[in-house]
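Residue numbers (this note's numbering): -13 to 248. We treat Cβ as the ideally placed atom computed from N, Cα and C, and that holds for glycine. Fair warning: this is a prediction, and the values are worked out from it, not measured in the lab. Inspection log for the structure reproduced underneath, given as structure tokens.
Below, the structure is given as structure tokens:
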């Protein structure tokens, strides 16, 4: 199981980093594909049909959030209101086969997945975007790896057993320490005026955000009574299982890095 997880992670990481390095339309296309697959998994957890109007509208909105999430049009309150109106009208158009709760789930899902992946693209577009996005990725990956191995080695009390019974306090601390090391490393890689302390602080915040994203996805799966969001990635589960940390970390990382002028 661990071998399969590592093999999938290495191959997937190489593909992702290569396309990220190329950037431009190829990277935007990859992020679009990842977002659509993740949204498909979200629909599958509720057993919604992919080719009915609510799901198709959700796919379209996910793409719009990915590419125009912080653009002028989608940031207008009136536009957001019309989007909500549109989803509410679908409950009538579908003759209440999709309830208000169903449409809320789909709408929130488009924002959660689409807008979060949008910030991955925004990070890549920054002046030092290639290195900064690598920083965010390596921080979330190091957090996962550190939490996994330290948690298995030391065990100890669970941090939130009702949501994720395998996660321990020691693992969480191990993840934070691993993230801090990434902050130290990038303070030397990127020759900027940002201090070592600030790099470590941002890395720790990104790590906490990533772990929060992991808990949110674990809670979502538990509420749906599913073990994994999908099966597309052997040893990892689904796309949401692999990118849950990044979905939370990317928006926070973007605003921190821009605000502190990294």
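Less than 8 angstroms between the CB atoms is what I'm expecting for residue 31 and residue 210, so what's the real figure, rounded?
Here residue 31 refers to the residue found at position 45 when the chain shown is read from its first residue. Here residue 210 refers to the residue found at position 224 when the chain shown is read from its first residue. Between residue 210 and residue 31 the Cβ distance is about 4 angstroms, and since that is below 8 angstroms, they are a contact.
Beta-carbon within less than 6 angstroms of residue 103's beta-carbon, same chain only, minus the 5 sequence neighbours each way: which residues are those?
By one-based count along the chain shown, residue 103 stands at place 117. Closer than 6 angstroms at the Cβ level, and outside the excluded window around residue 103, lie 17, 21, 52.
Between which two residues does the alpha helix (DSSP H) harbouring residue 47 extend?
On the chain shown, position 61 is the one that residue 47 refers to. Residue 47 -> alpha helix (DSSP H) spans 39 to 54.
Minimum C-alpha distance to residue 130 - residue among 154, 205, 148, 143
Walking along the chain shown from the start, residue 130 turns up at place 144. Among 154, 205, 148, 143, the Cα nearest to that of residue 130 is on 154.
Buried or exposed for residue 230, going by 16 or more other Cβ atoms inside 10 Å?
Walking along the chain shown from the start, residue 230 turns up at place 244. Within 10 angstroms of the beta-carbon of residue 230 lie 16 or more other beta-carbons, which makes it buried.
What residue from 12, 192, 13, 73 has the CA that sits closest to residue 238's CA?
As a position in the chain shown, residue 238 is number 252, starting the count at 1. Ranking the options by Cα distance to residue 238, first place goes to 192.
State yes or no: is the C-beta of residue 188 within less than 9 angstroms of the C-beta of residue 243?
One-based indexing of the chain shown puts residue 188 at position 202. One-based indexing of the chain shown puts residue 243 at position 257. Cβ atoms of residue 188 and residue 243: closer than 9 angstroms.
When you compare each of 145, 248, -10 to residue 181 by their alpha carbons, which one comes out closest?
Walking along the chain shown from the start, residue 181 turns up at place 195. Cα-wise, what sits closest to residue 181 is 248.
Let me know if residue 57 comes out buried or exposed under the rule of 16 or more other beta-carbons within 10 Å of its beta-carbon.
Mapped onto the chain shown, residue 57 falls at position 71. Counting every other CB atom within 10 Å of its CB across the protein chains shown gives residue 57 a total below 16, marking it as exposed.
Three CB pairs or more closer than 8 angstroms across the segment 70 to 89 and the segment 116 to 136
no
On the premise that residue 168 lies in contact with residue 124, defined as a C-beta separation below 8 angstroms, what is that separation, rounded to the nearest angstrom?
To locate residue 124, count along the chain shown from 1; it is residue 138. To locate residue 168, count along the chain shown from 1; it is residue 182. Correct: roughly 5 angstroms between the Cβ atoms.
Which first and last residues belong to the alpha helix (DSSP H) in which residue 94 is found?
Locating residue 94 in the chain shown gives position 108, counting from the first residue. Here the alpha helix (DSSP H) through residue 94 covers 86 to 96.
Tell me whether residue 183 sits in a helix, a strand or coil according to DSSP, three-state version.
Locating residue 183 in the chain shown gives position 197, where the first residue counts as 1. In the structure shown, residue 183 sits in a helix (DSSP, three-state: H, G or I).
Buried or exposed: where does residue 234 fall if 16 or more other Cβ atoms within 10 Å of its Cβ makes it buried?
Here residue 234 refers to the residue found at position 248 of the chain shown. With 16 or more other Cβ atoms within 10 Å, it is buried.
My output table needs one value for residue 144: the three-state DSSP class, helix, strand or coil.
Walking along the chain shown from the start, residue 144 turns up at place 158. Residue 144 falls in the strand class under three-state DSSP.
Assuming residue 35 is part of the alpha helix (DSSP H), what are its boundary residues?
Within the chain shown, numbered from 1, the residue matching residue 35 stands at position 49. Unbroken run through residue 35: none, as it is neither H nor E.
Please report how far the alpha carbon of residue 0 lies from the alpha carbon of residue 106, in whole angstroms.
Position 14 of the chain shown, counted from the start, is the residue given in the question as residue 0. Position 120 of the chain shown, counted from the start, is the residue given in the question as residue 106. Between residue 0 and residue 106, the C-alpha separation is close to 17 angstroms.
Keeping to the same chain, check which residues put their C-beta closer than 8 angstroms to that of residue 25; ignore five residues upstream and five downstream.
The residue given as residue 25 occupies position 39 in the chain shown. Around residue 25: 44, 45, 48, 95, 96, 99, 100.
One or two residues paired with residue 219 in a DSSP bridge:
Taking the first residue of the chain shown as 1, we reach residue 219 at position 233. Note: residue 219 sits in a beta bridge opposite 223.
Endpoints, alpha helix (DSSP H) assigned at residue 111
Walking along the chain shown from the start, residue 111 turns up at place 125. Start and end: 102 to 111.
Cβ shell of residue 228 (< 8 angstroms), same chain only, five flanking positions each side left out:
Taking the chain shown and counting its residues from 1, the one referred to as residue 228 is at position 242. If we look at residue 228 and ignore the five residues flanking it on each side, its Cβ neighbours are -2, 219, 222.
Taking all protein chains shown into account, do 16 or more other C-beta atoms lie within 10 angstroms of the C-beta of residue 40, making it buried, or fewer, making it exposed?
Counted from its first residue, the chain shown places residue 40 at position 54. Taking a 10 Å sphere around the C-beta of residue 40, we find 16 or more other C-beta atoms and assign the residue as buried.
Looking at residue 172 and residue 232, is the spacing between their C-beta atoms short of 9 angstroms?
Here residue 232 corresponds to residue number 246 of the chain shown, with the count starting at 1. Here residue 172 corresponds to residue number 186 of the chain shown, with the count starting at 1. No, Cβ-Cβ distance for residue 232 and residue 172 is not below 9 angstroms.
With a cut-off of 8 angstroms on the beta carbons, I'd call residue 149 and residue 208 a contact; round off their distance for me.
Sequence index remark: in the chain shown, residue 149 carries index 163 (1-based). Sequence index remark: in the chain shown, residue 208 carries index 222 (1-based). At roughly 6 angstroms, the Cβ-Cβ gap stays under 8 angstroms, so residue 149 and residue 208 are in contact.
Out of 186, 163, 164, which one is the CA nearest neighbour of residue 174?
Here the question's residue 174 lines up with position 188 in the chain shown. Taking only the C-alpha atoms, the option nearest residue 174 is 186.
Buried or exposed by the 16-neighbour rule on C-beta atoms within 10 Å, applied to residue 6:
Here the question's residue 6 lines up with position 20 in the chain shown. Residue 6 is buried by the Cβ-count criterion.
State yes or no: is the C-beta of residue 157 within less than 9 angstroms of the C-beta of residue 138?
As a position in the chain shown, residue 157 is number 171, starting the count at 1. As a position in the chain shown, residue 138 is number 152, starting the count at 1. Yes, the pair counts as a contact, with Cβ atoms nearer than the cut-off.
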